[in-house]
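Its first residue numbered 17, the sequence shown is counted upward by one per residue in the working numbering. Note that CB positions come from ideal geometry on N, CA and C, so glycine has one too. Data first, discussion second: the structure below is written as structure tokens.
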Amino acid sequence: MKDGERRAEGNDSIVKEFVLLGFSDLPNFQGFLSGVFSIIYIIILTGNSLIIIITMVDPTLQKPMYFFLANFSFLEIGYVSVTLPRILFSIWTGIRTVSLPVCATQLCFFLILGTNESFLLGVMSYDRYVAICNPLHYPLVMNPKKCIQLAAAAWLSAMPVQTGLTWHIFSLRFCHSNQIDHFFCDIPPILKLACGDTFMYELSVYIVAILCAVVPFWLVLASYSKIISTILRLPSAQGRGKAFSTCSSHLLVVVLFYGSASITYFRPKSTYSAGLDKLFSLFYTIFTPMMNPLIYSLRNKEVIMALRTLILK
């Protein structure tokens, strides 16, 4: 049996590669899963690409909100491309082994892009806060230079933190089973395979998660508490409906992303369940990126009109 396919025994036998079990426990559904994941990937690429294109070519969408939406759509394409192609490759070829460096690279990019998404959701909530609570100052506050600076901060700030966390996790010795009961290299199933006490590593994961997820989430909550308070004071029902329609799409994406991710990363290692972890991971790695174009386009008249114009052209 190959070294990458065996179960390591004792501390002297160190794992050199992992086996991503993925959905191998469903042998009769491999064809079905291949079709479903292929369709989802095409929907994600097509939907998010269309949003990027229309925000670039349609003059009516040359606004800060749509600038950030285009950034978010581009981020979603990268985010899902870290995991879905590998899932499809494993299903099509049956090759499930992955070396430690490749596994570390996948985890690093996944964490960086996931953190970028968290920060960008916070930036988008700030944009909506300024637009609704301080509309007269909105053009001045959210000027093109400020928008680029906020987007750049959201994109770049995660790199050193998550690169350091990935190096920290993969400095561990893995001497138990080399089988990762997941469809990609994620922190909870990797820590489960580590030798010895991993308390300090779990603590570092919690600290990074607080900085990269909880802080932006509180920014979102603070922004929307002000936004809702302002909307409720609007004199006309039409004005309130328009404001709620503008914000509800973003708020729905926030709930989907933070809800499923927090359950995964704030759950103690002792309560880890492979089945539940896969389910929640599917939500924030695949389901949310697929729903985002639908959520933002179906609930936004300007986006619908821009899509209609693009299709007619």
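Check: For ASN44 and MET72, the rounded distance between their alpha carbons; Outcome: 44 Å
Check: Residue of PRO205, THR179, ALA147, PHE199 minimising C-alpha distance to PHE260; Outcome: ALA147
Check: CB contact flag (VAL98, PHE126, <7 Å); Outcome: yes
Check: Burial state of MET81 (16 or more Cβ within 10 Å); Outcome: buried
Check: Nearest to ALA120 (by Cα), restricted to the options ILE302, THR304, HIS184; Outcome: HIS184
Check: Assigned secondary structure, ARG23 (DSSP; H/G/I helix, E/B strand, else coil); Outcome: With a pLDDT of 46 at ARG23, under the threshold of 50, the modelled position of that residue is not reliable, and no figure is offered here.
Check: Selected residue, minimal CA-CA separation from SER220, among ILE320, GLN165, GLY180, SER278; Outcome: GLY180
Check: Helix, strand or coil at THR113 [DSSP, three-state]; Outcome: strand
Check: Own chain residues within Cβ distance below 8 Å of ILE67, not counting five before or after; Outcome: LEU85, ALA86, SER89, PRO309, TYR312, SER313, VAL319
Check: N-terminal and C-terminal residue of the alpha helix (DSSP H) that LEU61 is part of; Outcome: 46–73
Check: Among PRO204, THR113, LEU237, the one whose alpha carbon lies nearest that of SER141; Outcome: LEU237
Check: Cβ shell of GLY63 (< 6 Å), same chain only, five flanking positions each side left out; Outcome: PRO309
Check: Helix, strand or coil at MET17 [DSSP, three-state]; Outcome: Legend: pLDDT at MET17 = 39, less than 50; position of this residue unreliable, no value from coordinates given.
Check: Residues bridged to LEU36 [DSSP beta-bridge criterion]; Outcome: ILE196
Check: ILE51, buried or exposed, once every other Cβ within 10 Å from all chains shown has been counted against 16; Outcome: Residue identity check: residue 51 is Gly in the sequence provided, not Ile. Answer is exposed; the Cβ neighbour count stays below 16.
Check: Cα-Cα separation between ILE69 and CYS191, rounded to whole angstroms; Outcome: 48 Å
Check: Run of the alpha helix (DSSP H) containing PHE88, from where it starts to where it stops; Outcome: 80–97
Check: 6 Å CB neighbourhood of GLY275 in its chain, flanking five on each side removed; Outcome: none
Check: Buried versus exposed, by CB contacts within 10 Å (16 or more), ASN194; Outcome: buried
Check: Candidates LYS161, SER54, ASP213, of which the one nearest VAL96 by Cα; Outcome: SER54
Check: Outcome for VAL31 when other beta-carbon atoms lying within 10 angstroms are tallied against a minimum of 16; Outcome: buried
Check: Of the listed residues GLY38, CYS149, VAL139, nearest to ALA168 (C-alpha basis); Outcome: VAL139
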